[in-house]
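First to last, the protein sequences are chains S and L.
Each step along the first sequence adds one to the number in this note's numbering, with nothing skipped, and position 10 is 10.
Each step along the second sequence adds one to the number in this note's numbering, with nothing skipped, and position 107 is 200.
Think of the CB as a built atom: it goes at the ideal place given N, C-alpha and C, for glycine as much as any other residue.
Here's the structure, in structure tokens; my notes come after.
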Amino acid sequence: MVRAEVFVTLKPVVNDPEGLTIMRGLQTLGFDSVTDVRSGKYLVLLIDEADLGQARARVEAMAQQLLANAVIEDYRIAVGPVEATVLSGERPV
Amino acid sequence: MVFPGTWSDRDCAHAVADVLGQPARFIDHRARRLDDVDLVILPGGFSYGDHLRCGAIARFAPVMEAIIDFADRGGLVLGICNGFQVLQEARMLPGALLKNASCQFRCEWVNLRVEQTDGAFTTECRPAQVLRIPISHGEGNFYADPQTLAALEAGGQVVFRYCMPDGRVVEDANPNGSLGNIAGIMNRRGNVLGMMPHPERACETLLGGTDGLTIFQSAVRALQRVAA
């Protein structure tokens, strides 16, 4: 069993009004040093595959077909053994 | 078309059947065939709860293959609000609809300038005519990358723009941050239209206006011309 994490974010060229609103909220609270906030989606999938590479390929296909909309969104995928908890440090492929 | 979570299906059927006197029936999202229809309407609402992205799940409904095939054969397809989002997710129309720039759900009457009278849905309009039709959405902020946008403009595929009552297309008239004030686009062939405003809610004086009727009438005339 493989645990996959998928991060879906708006492309840098696409405006993110939600991120902008969050940033303004933070600044209102006094967090003046915040200069940008980008919001996105975080998905955790459990994949019934033994091989990490195979699992990644499956998740890659899922991201292309459904999880992200290539017109406006980028995604990155992290895979690891199911026992792992936070894979978010892994860089995009 | 009725997906789980569609909410404007009955309003659309009312406009087509009761106001225009044309036969209308509801098509279930699980249908595999469309049979004898001339026009498919994908109404507004929150198909599949808008989960993941608006229209993302509806795009995989069994009926969508039949709708794509129908459009490829020249059948008329009108996507309104959530229906527009579904058409984009299905890549039947380019671009995407982002969250409104204001982050607010906007439910109000807007003015639309008719930019194109060649497609099937605006033949009864005058060029640059201003239509008063309501919007009701949280994600109607039209986006397309620069090349796609340029191709839409060059190809005359922009059908409606948000404007002032006198027809001026200015930022103040833009309710959601859409690029180029775009409120509706069509495919190159002109048989598939996607629009954020709700024409079905502007078909009777009692409801505040009848400008929306022009769009349904245009479709009926287009079909009559083909039949003749």
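Partners in chain L for residue i, counting only beta-carbon separations shorter than 7 Å
| i | result |
| --- | --- |
| Ile72/S | Ala189, Leu191 and Tyr236 |
7 Å Cβ shell around residue i - same chain, five flanking residues per side excluded
| i | result |
| --- | --- |
| Asp111/L | none |
| Thr9/S | Arg38, Gly40, Glu73 and Asp74 |
| Phe235/L | Gly188, Leu190, Ser271, Leu272 and Ile275 |
Partners in chain S for residue i, counting only beta-carbon separations shorter than 9 Å
| i | result |
| --- | --- |
| Cys196/L | Pro17, Glu18, Leu20 and Thr21 |
Residues bridged to residue i (per DSSP)
| i | result |
| --- | --- |
| Leu190/L | Phe235/L |
| Phe253/L | Val207/L and Gly277/L |
| Val2/S | Ile47/S and Pro81/S |
| Arg199/L | His230/L |
| Glu297/L | Gly302/L |
| Leu20/S | Leu20/S pairs with nothing; no bridge assigned. |
| Phe7/S | Tyr42/S and Arg76/S |
Close Cβ partners of residue i (< 6 Å) along its chain, the five nearest in sequence each way excluded
| i | result |
| --- | --- |
| Val93/S | Low confidence applies to Val93/S: its pLDDT is 41, below 50, so where it sits in the model is not reliable, and the reading given next is rough at best. Excluding positions up to five away in sequence, the list is empty. |
| Glu49/S | Val2 and Ala55 |
| Cys218/L | Val207, Thr210 and Thr307 |
| Gly148/L | Gln178, Val179 and Glu182 |
| Cys200/L | Ser229 |
| Leu224/L | Leu205 and Asp304 |
| Leu26/S | Val34 |
Top-ranked residue by Cα proximity to residue i, from the options
| i | options | result |
| --- | --- | --- |
| Gly98/L | Leu205/L, Phe139/L and Ile226/L | Phe139/L |
| Pro220/L | Ala244/L, Ala243/L and Gly260/L | Gly260/L |
| Glu293/L | Thr303/L, Gly142/L, Gln178/L and Ala321/L | Thr303/L |
| Ala106/L | Met279/L, Ala315/L, Gly301/L and Cys296/L | Cys296/L |
| Asp238/L | Asp36/S, Val14/S, Gly19/S and Gly53/S | Val14/S |
| Gly114/L | Leu127/L, Val319/L, Gln310/L and Pro187/L | Gln310/L |
| Arg152/L | Ala4/S, Leu66/S, Pro12/S and Gly53/S | Leu66/S |
| Asp128/L | Gly168/L, Gly148/L and Tyr141/L | Gly168/L |
| Leu205/L | Ala124/L, Gln222/L and Lys192/L | Gln222/L |
| Ile72/S | Ala315/L, Gly172/L, Ile160/L and Gly188/L | Gly188/L |
| Trp202/L | Asp104/L, Ala244/L, Arg146/L and His291/L | His291/L |
| Gly19/S | Thr35/S, Gly80/S and Gly30/S | Thr35/S |
| Glu246/L | Glu264/L, Asn267/L, Gly277/L and Met257/L | Gly277/L |
| Asn175/L | Asp165/L, Phe163/L, Ala320/L and Tyr141/L | Tyr141/L |
| Gly287/L | Ala213/L, Leu299/L, Thr298/L and Ala315/L | Ala213/L |
C-beta contact flag for residue i and residue j at 8 Å
| i | j | result |
| --- | --- | --- |
| Val207/L | Thr215/L | yes |
| Asp102/L | Pro155/L | no |
| Ala194/L | Gly273/L | no |
| Ile226/L | Arg254/L | no |
| Ala63/S | Ile77/S | yes |
| Leu180/L | Ala312/L | no |
| Val262/L | Met279/L | no |
| Glu232/L | Leu190/L | yes |
| Val37/S | Ile22/S | yes |
| Met329/L | Val285/L | Absent from the structure is residue 329/L, since the part of chain L shown begins at 94 and ends at 321. |
| Ile120/L | Ile173/L | no |
Cβ shell of residue i (< 8 Å), same chain only, five flanking positions each side left out
| i | result |
| --- | --- |
| His144/L | Ile150 |
| Asp211/L | Gly249 and Gly283 |
| Ala70/S | Gln64 |
| Gln317/L | none |
| Ala124/L | Pro155, Val156 and Ala159 |
| Leu242/L | Gly188, Leu272 and Gly273 |
7 Å Cβ cut-off: residues of chain S touching residue i
| i | result |
| --- | --- |
| Arg146/L | Asn69 |
Under 8 Å by beta carbon: chain L residues contacting residue i
| i | result |
| --- | --- |
| Val14/S | Leu191 and Tyr236 |
Residues that residue i contacts on chain S, provided the C-beta gap is smaller than 8 Å
| i | result |
| --- | --- |
| Glu182/L | Asn69 |
| Ala149/L | Leu66 and Asn69 |
Any chain B beta carbon closer than 8 Å to residue i
| i | result |
| --- | --- |
| Ala68/S | Looking for chain B here will not work: the only protein chains present are S and L. |
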